[in-house]
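Heads up: the sequence lines are chains A and B, in that order. The first sequence begins at 1197 in the working numbering and counts up by one. The second sequence begins at 8 in the working numbering and counts up by one. Glycine included, C-beta positions come from ideal geometry on N, C-alpha and C.
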Amino acid sequence: MQRRHVMNQINVIQLPLFSLLSFLLSCSQKTTPVERGISSQTLLIANQTEPQDLDPHIVTGVPEFHIMEALFEGLVIAEPKELQPVPGVARSWDLAADGLTWTFHLRNDAVWSNGDRVTAGDFRFSYQRILSPNLGSEYAYMHFCIEGAEAYNKGTITDFSKVGVDALDDTTLVMRLCRPTPYFLSLLAHHSFFPVHPATILKFGKIDTRGTVWTRPENFTGNGPFRLAAWEINRIIAVKKSETYWDRSSVRLREIDFFPIDNQQTEERSFRTGGVHVTANLAPGKIEWYRANRPEALRTDPYLGTYFYVVNVTKPPLDDPAVRRALSLAVDRAAIVRHILKGGQPPATCYTPPGTGGYHADSAVRFDTTEAKRLLAKAGYGPGGRSFPAVELLYNTSETHHTVAQAVQQMWKRHLGIEVTLVNQEWKVYLASKQRGRFGIARMGWIGDYNDPMTFLDMWVKDGGNNNSGWSHTRYDSLIAVAAATSDREARFAAFREAEALLLDEMPIVPVYFYTNVYLLHPAVKGWDPNLLNIHNYKYVYLEK
Amino acid sequence: MIPFLLRRVCIEMPLSLLVIFTVTFFLIRLAPGGPFSSEKSVSAQVRAELERHYGLDKPLQVQYVNYLASVVRGDLGPSFKYPGSTVADLIAGAFPVSLELGCYALLFALLFGITAGMLAASKNGTWCDYLIMSIGMGGICIPSFVLGPLLVLVFGLILGWLPVAGWSGPLDRVLPSLTLGMVYVAYIARLMRGGMLEILVQDFIKTARAKGLSERMVLVRHAMRGSLLPVVSFLGPAAAGLVTGSFVVETIFSIPGLGRFFVTAAFNRDYTMIMGTVIFYAVIIITFNMVVDVLLAYLDPRLRNG
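In structure tokens form, the structure reads like this:
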């Protein structure tokens, strides 16, 4: 009786356990999604977050841009290695002798995913749309080098025929610029210059209606190498090879699946178990393991961005340039990238990443504690001088920002004997604090929108929208104006060089390091070339064992 | 009973929702930052246009009245973060996922919690009892952000039996359900054990044993029903907690549920999405609580007038 009693109880617990175990044992999968993807030419991408939308004139984030690349094509595309503009919808182009008038000759065989031809009129409609004030496009400013574009966007003029965009016929588009813009062709590869299908837009609203349902898979019309096949929110965006794309014979991938995985640990685990071919990031804590065990999967590509601290020059003692220089000189950047970041990030020697559009600034940022102490003493602080007032170092919530800030805090304490309080704020609170100038020193990162030094240097002009430092300098502003007014490469770079030297002498910013893009890539993914803007045109990408 | 129900549905529920709506509406506006702030500053003119588009240019009290009227009409408005989607669309897409996950987790919790509780009670005071209750205590103490990655490590990375992320096939459901349900397994096991220990000393159990019934029959047929009462009373809040999703579990396993929206909406200052999810959750929780209250009122007539 007792034995039977025990057996019965064991059965009660065993049954569910046994069922679960059998279920799990039967689960061993023969092939992973990655392996199946290689056979079927389906690329699986971990793409950070759910995209805001699939409207190229509305979206602003990097994950969205990765999807835009598949669904749309501009007049030019960025060649994957050096990002040089090569023909897209435009088969050729001419620049007039005035250096301001561009004529684009569109190919005849460029068509939308519904079979309609892509015309010069479609581009004109698209540029009118993004510049329409009512659309509220955050990237409209990218078009401001076009004559009349800024005035139209600000509502000063309401007649779009006064904007320098004309469709002479179906295959000829003329654009007149208001200033020489040597990087204009590179701009055209940006998603804000992608065309949208006018009939589709107008079917679901007016030209400037924001947030209509035209981007839903059943309504969507694009002109890129892939067409939108499925969009399940927070789950997947699937695009399939377009049968109407003019260069479809070059497209080897048959499908791309974008998964919005916003957790770095989850995407790494997904990669490790064969769930995705590409991750968006890799946490610093995992880099060493991959470097030692799976170096073929680890990618540390250069990236067009600078990590720096912005200094509020309106607040004492940071209003003294000598103090700001001392702070910069006391930061051991090599130690930060070697011990904390570990992703091959170059320590900053200047502000603009070296090689941006072929430009190299003079090295003006270094680690020199003796000089740092001397400058601080000169400013009246340190031994024998005044005590250093309380200063706060602000950053947004992130393990990496926190660790870097701690390291910098320790360096300033050890080398200069000053105490800095770390202030960690949630992203939107941090943005509000920064924009209202409620900080002493704040972390910032700047990723270039296009491959030209202007995208870095024009932000520090007086009243620049992103210049939260309170710093300005008339000479700096005039140098940026000189660079903006000339198309002569050497003259531009000379102006940039002088402006950057001035910026780094005044030090409203303390550059820390240049970004790299650290992520995981399956070795079967081919044609995924490293480049500064992390642009990967999928028509060059394929999968091969 | 009917006046009691009418009072709950027609007066107390709308009043509770109005209070939650009002507090949430003004609380989120106090948080620094707005839906359109970003690292790259938006020009004043673009910001003004966006604010006009979403009605944020009006005085706060006007916005409150307008949005309240809109919600009463059943329109939760457009999402600020996802311009092509309405809040209702996003909730409608995400809630079934959270509901499914919650149901699996609840099923798992009931199956294992009741079984473990019964076994522990029947082996009261032995090593088996202590072992089960210790594991149960572990289940309560280990948070899901630890348990989830641990399960992934064992069943996903080492054994390779189960997927580590996603929500496509049936296998994707296993680890998230276990992670979400584990803490409830522990609670239910403890409640079940306590309930059963009380029942097992009752006379009718002794009678059943004296009649020569097998121990299994005694436990399952006679003791279990009475022991389930504390578990059933726990199911109301547990079910509400489970079906409304879990940000942590959904993030660990990259599940497209409502829990992620609930939290990210707050980070994004997506005002309408915050309001929509809060109202939705409030309705669910109030409803579940009301069902429990109705049941209690049915069982205890004194509560109907109280």
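Quick one: list the residues of chain A neighbouring residue i, beta-carbon separation under 8 Å, in chain order.
i	result
W174 (chain B)	R1431
F274 (chain B)	E1622, W1623 and K1624
R232 (chain B)	Near R232 (chain B) there are no residues of chain A at all, since even the closest Cβ is about 15 Å away, more than 8 Å.
P85 (chain B)	G1407
P10 (chain B)	Correct list: empty, because the minimum Cβ distance to chain A is about 43 Å.
In angstroms with no decimal places, state the Cα-to-Cα distance between residue i and residue j.
i	j	result
K1277 (chain A)	N1727 (chain A)	6 Å
Y1711 (chain A)	L1589 (chain A)	21 Å
A304 (chain B)	I281 (chain B)	34 Å
G167 (chain B)	R1465 (chain A)	11 Å
G1580 (chain A)	I27 (chain B)	59 Å
L178 (chain B)	V161 (chain B)	15 Å
L12 (chain B)	I286 (chain B)	21 Å
D1725 (chain A)	Y1736 (chain A)	9 Å
A1568 (chain A)	L1698 (chain A)	19 Å
L1381 (chain A)	F1261 (chain A)	18 Å
R1639 (chain A)	G91 (chain B)	32 Å
H1732 (chain A)	S240 (chain B)	56 Å
I1752 (chain A)	I1241 (chain A)	With chain A covering only 1197 through 1741, there is no way to say anything about residue 1752 (chain A).
R1406 (chain A)	T1299 (chain A)	30 Å
T1670 (chain A)	G1295 (chain A)	27 Å
W1442 (chain A)	S1357 (chain A)	30 Å
T1417 (chain A)	I149 (chain B)	49 Å
L1571 (chain A)	P1513 (chain A)	13 Å
K213 (chain B)	L117 (chain B)	27 Å
E1269 (chain A)	L1500 (chain A)	22 Å
Tell me whether the beta-carbon of residue i lies closer than 8 Å to the beta-carbon of residue j.
i	j	result
L1239 (chain A)	H1473 (chain A)	yes
Y1379 (chain A)	Y1646 (chain A)	yes
V1506 (chain A)	P1704 (chain A)	yes
M125 (chain B)	M297 (chain B)	no
L249 (chain B)	L113 (chain B)	yes
S1496 (chain A)	G1540 (chain A)	A quick correction: the sequence has Thr, not Ser, at residue 1496 (chain A). Against a cut-off of 8 Å, the Cβ pair of G1540 (chain A) and T1496 (chain A) comes out as a contact.
V327 (chain B)	F152 (chain B)	Look at the range of chain B in this structure, 8 to 313, and you will see that residue 327 (chain B) is not part of it.
F87 (chain B)	T284 (chain B)	no
A1575 (chain A)	R1693 (chain A)	no
D1355 (chain A)	A1316 (chain A)	no
Taking Cβ-Cβ distances shorter than 8 Å, what residues in chain B pair up with residue i?
i	result
P1542 (chain A)	Chain B residues near P1542 (chain A): none, gap ~22 Å exceeds 8 Å.
L1627 (chain A)	G40, S44, S45 and E46
E1428 (chain A)	G100 and P263
F1710 (chain A)	By Cβ distance, chain B contributes nothing, its closest Cβ being about 17 Å from F1710 (chain A), past 8 Å.
Determine the burial state of residue i: buried for a count of at least 16 other Cβ atoms within 10 Å of its Cβ, exposed for fewer.
i	result
W1308 (chain A)	buried
H1535 (chain A)	exposed
M144 (chain B)	exposed
K1437 (chain A)	buried
W1642 (chain A)	buried
E1492 (chain A)	exposed
Q1198 (chain A)	At Q1198 (chain A), the pLDDT of 45 sits below 50, so the modelled position is not reliable and the matter cannot be decided from this model.
E1439 (chain A)	exposed
W1608 (chain A)	buried
D64 (chain B)	exposed
Q1205 (chain A)	Low confidence applies to Q1205 (chain A): its pLDDT is 48, below 50, so where it sits in the model is not reliable enough to give any reading.
Strictly below 7 Å CB to CB, what residues from chain B border residue i?
i	result
D1249 (chain A)	Y89, P90 and G91
N1330 (chain A)	E56
In chain A, what lies closer than 7 Å to residue i by C-beta?
i	result
K47 (chain B)	N1662
H60 (chain B)	G1332 and R1406
R267 (chain B)	N1430
G163 (chain B)	R1465 and T1469
Cβ closer than 9 Å: which chain A residues qualify as neighbours of residue i?
i	result
V171 (chain B)	T1462, R1465, S1466, R1468, T1469 and G1471
T258 (chain B)	D1458, N1459 and T1462
S50 (chain B)	E1334, A1336, Y1337, N1349, K1350 and G1661
Please list, in chain order, the chain B residues whose beta carbon lies closer than 9 Å to that of residue i.
i	result
I1254 (chain A)	P90 and G91
Hey, would you say the C-beta of residue i is under 7 Å away from at least one heavy atom of the ligand ZN?
i	result
L1572 (chain A)	Questions concerning the ligand ZN fall outside what the structure shown contains, since it holds no ligand whatsoever.
4-residue-minimum alpha helix (DSSP H) runs that sit fully inside the segment 1349-1425 of chain A, ordered along the chain: Counting whole runs of 4 or more residues, the segment 1349-1425 of chain A contains the alpha helix (DSSP H) stretches 1380-1383 and 1394-1400.
Runs of alpha helix (DSSP H) lying entirely within the segment 1557-1630 of chain A, each at least 4 residues, in chain order: Taken in chain order, the complete alpha helix (DSSP H) segments of 4 residues or longer contained in the segment 1557-1630 of chain A are 1565-1574 and 1595-1612.
Uninterrupted beta strand (DSSP E) stretches inside the segment 137-179 of chain B (no shorter than 3 residues): Counting only runs of 3 or more, we get nothing.
Every unbroken alpha helix (DSSP H) within the segment 1472-1556 of chain A, with a cutoff of 4 residues, ordered by chain: List check, alpha helix (DSSP H) in window: 1480-1489, 1517-1525 and 1529-1532.
Every unbroken beta strand (DSSP E) within the segment 1627-1665 of chain A, with a cutoff of 3 residues, ordered by chain: As far as the segment 1627-1665 of chain A is concerned, its whole beta strand (DSSP E) runs of at least 3 residues are 1637-1643.
Start-end ranges of the alpha helix (DSSP H) lying completely within the segment 1228-1255 of chain A, minimum 4 residues: Qualifying alpha helix (DSSP H) stretches, in chain order: 1229-1236.
Contained beta strand (DSSP E) runs [length at least 3] in the segment 1294-1319 of chain A, N- to C-terminal order: Assignment of beta strand (DSSP E) within the segment 1294-1319 of chain A, counting only whole runs of 3 or more residues, yields 1297-1302 in chain order.
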